[in-house]
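As structure tokens, the structure follows; a few thoughts come after it.
In this note's numbering, the protein residues as written are 687 to 995.
Here it is, written out as structure tokens:
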């Protein structure tokens, strides 16, 4: 296996919010729902499992075929929350059904029950041909809380620590450290913003995050100095305050809110993400031109676009 221990790459697999938009005029920015593929050295981390995760799985199997053998597959899936557009591709992630796969899933669940029980009900036993117990891989599902620290080693061992004890622990230089911050603005159950630190670089994933007037001070602290900030930008300001169908309180930001958090957090790069499913390529291209000169290092996430931190 090629040694990628120094690489920290981010690839957008699904950039759309709410529901998929499989239309010809959505090809430039993508029509798949939320999913970001992150590779830290030899470790695969998947942020959310909207329909974009399906192609991640297909590529994993394709690479195995090219190598001519079933290479053990290790992946960590992090769910920001369990709204449909962030989980609807999970059952179609093909490595999930390979005996050689080990997949650890962590996610937010605030219904006073185990995330495993929730996903069993809403994704498998009642709406899918296979039940959770029939999955052939070594598949684990665990709740992720704000106080948890996930540490993944390059040998794929994964441990969860309490943040109170985190500073007393020593890790290897190539360990991947994952923490989360729970936002409250999203309706009902909140949402996790996720921080991944690896090789002296930091990625912040902040989908389904609605900001406040004067910015979100706690989030600014959480994201401060990040090398890359992926931030929800579902609505234009005009749609957000539309007097007929206002979007305030829906749990999503405007492009301006994302920029404010980017500037105050002093992040190095900003990627808009989780576009409204009605915003086609023409509209997003127009917005891309509008925001291109406002601030340096601001980009629009596009499906299959890859960057290296």
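Glycine included, C-beta positions come from ideal geometry on N, C-alpha and C.
With 16 as the cutoff for other CB atoms within 10 Å, does residue i come out buried or exposed?
i           : result
residue 807 : exposed
residue 822 : exposed
residue 790 : buried
residue 781 : buried
residue 706 : buried
residue 984 : buried
residue 843 : exposed
residue 943 : buried
residue 896 : buried
Taking C-alpha atoms, which residue in the options lies nearest to residue i?
i           : options               : result
residue 954 : 970, 887 and 941      : 887
residue 773 : 879, 729, 709 and 700 : 700
residue 760 : 858, 831 and 786      : 786
residue 698 : 731, 708, 709 and 692 : 731
residue 941 : 961, 803, 817 and 865 : 961
Excluding the 5 residues flanking residue i on each side, which residues of the same chain have their C-beta closer than 6 Å to its C-beta?
i           : result
residue 889 : 882 and 914
residue 704 : 771 and 963
residue 861 : 837 and 839
residue 872 : 894 and 937
residue 738 : 699, 700, 718 and 721
residue 834 : 846
Quick one: what does DSSP say residue i is sitting in, helix, strand or coil?
i           : result
residue 834 : strand
residue 786 : coil
residue 655 : The chain is shown only over 687 to 995; residue 655 falls outside these bounds and no answer can be derived.
residue 803 : helix
residue 688 : Per-residue confidence for residue 688 stands at a pLDDT of 44, beneath the threshold of 50, marking its modelled position as unreliable; no derived number is given.
residue 793 : strand
residue 714 : coil
residue 923 : helix
residue 817 : coil
State yes or no: is the C-beta of residue i within less than 8 Å of the C-beta of residue j?
i           : j           : result
residue 909 : residue 947 : yes
residue 829 : residue 795 : yes
residue 741 : residue 720 : no
residue 718 : residue 968 : no
residue 938 : residue 918 : yes
residue 949 : residue 989 : no
residue 923 : residue 933 : no
residue 869 : residue 959 : no
residue 880 : residue 891 : yes
residue 724 : residue 696 : yes
residue 752 : residue 793 : no
residue 715 : residue 970 : yes
residue 951 : residue 878 : no
Enumerate in chain order the residues of its own chain whose CB-to-CB distance from residue i is below 7 Å, with the five nearest sequence positions on each side excluded.
i           : result
residue 902 : 947
residue 855 : 847
residue 783 : 821, 822 and 823
residue 974 : 986
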